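Participant:
Numbering (this note's numbering), first residue to last: 1260 to 1490.
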């Protein structure tokens, strides 16, 4: 420590002058190696936490975004299924009058109203195409028999009531074919989505499973028709 004396205005001013021992021309003294390692470790830790948070956000987005899409697609399948049930019920509405018109020309082995009531309950409770087909098999057989009787009986073909009922039946069966096709399209879209990666893991996590298709019936490529022309 050096003392420098100045004489200012007749008064003596003493200034302490601290002389640095650091050589001129050199930079600041570097931090100890331990501190440098600690600083680098902190930065690496922060980066790791940020990366983990980003991965968690991505995973949550994939999981819940995929689940929401599955719910939406499953809802579309359910809506299509409800339409299928509606048109099957509509066809049942036509059967009693058709059977009443044709009963004089055919033998009904079972009470038609009992069969229709059973079919209605089965359609309402059916959860897939197999159950629906099973519930309506007896009525389907009856409708086929009625068609045959009408085709072979000029008196029935000449009846305006029967002709109108058969026209409605044909339109309803066309509608059934359309709604079955739409249901299959919705099922195909849903099934394909839950099988894609990583949706298949999300589907397994939340219990989404593949839906059943309607199987194509023989002759389904052509619309049903009934010849009501009197020969």
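We put the beta carbon where it would ideally sit given N, CA and C, even for glycine.
Note that the coordinates shown come from a computational prediction; the quantities given were computed from them, not determined experimentally.
1. Answer with buried or exposed for residue 1324, where buried requires no fewer than 16 other C-beta atoms within 10 angstroms of its C-beta.
2. Can you give me the start and stop residues for the alpha helix (DSSP H) that residue 1362 sits inside?
3. What three-state label does DSSP hand residue 1458 in the structure shown?
4. For the structure I just gave you, are there three or more beta carbon pairs, one from the stretch 1315-1330 and one from the stretch 1414-1430, closer than 8 Å?
5. Could you give the C-beta distance for residue 1448 and residue 1332, rounded to a whole number, given that I count them as a contact under 8 Å?
6. Within 8 Å, do at least three Cβ pairs link the stretch 1346-1356 to the stretch 1384-1401?
7. Output needed for residue 1374: all residues of its chain with C-beta closer than 8 Å, excluding positions within five of it in sequence on either side, in chain order.
8. Cutting at 6 Å between CB atoms, please list the residues of its own chain near residue 1473, excluding the five before and the five after it.
9. Beta-carbon within less than 6 Å of residue 1371's beta-carbon, same chain only, minus the 5 sequence neighbours each way: which residues are those?
10. Among 1322, 1298 and 1317, which residue has its Cα nearest to the Cα of residue 1453?
11. In whole angstroms, what separates the C-alpha of residue 1363 from that of residue 1417?
12. Taking the alpha helix (DSSP H) that residue 1372 falls in, what are its first and last residues?
Facilitator: According to the structure data:
1. By 1-based counting over the chain shown, the position of residue 1324 is 65. Classification for residue 1324: exposed.
2. Within the chain shown, numbered from 1, the residue matching residue 1362 stands at position 103. From DSSP, residue 1362 is part of no alpha helix (DSSP H); its letter is neither H nor E.
3. Start at 1 with the first residue of the chain shown, and residue 1458 comes out as number 199. Correct three-state label for residue 1458: helix.
4. no
5. Looking up residue 1448 in the chain shown gives position 189. Looking up residue 1332 in the chain shown gives position 73. About 6 Å; that satisfies the 8 Å criterion.
6. yes
7. For the purposes of this step, residue 1374 is identified with residue 115 of the chain shown, where counting begins at 1. Closer than 8 Å at Cβ, skipping near neighbours: 1397, 1398 and 1401.
8. On the chain shown, residue 1473 is found 214 positions in, with the first residue counted as 1. Here the set comprises 1388, 1439 and 1443.
9. Locating residue 1371 in the chain shown gives position 112, where the first residue counts as 1. So the qualifying residues of the chain are 1358.
10. Counting from 1 along the chain shown, the entry for residue 1453 is found at position 194. Measuring from the Cα of residue 1453, the nearest candidate turns out to be 1322.
11. If you number the chain shown from 1, residue 1363 lands on position 104. If you number the chain shown from 1, residue 1417 lands on position 158. Looking at the two C-alpha atoms, the distance is approximately 15 Å.
12. For the purposes of this step, residue 1372 is taken as residue 113 along the chain shown, with counting starting at 1. 1371-1384 is the extent of the alpha helix (DSSP H) around residue 1372.
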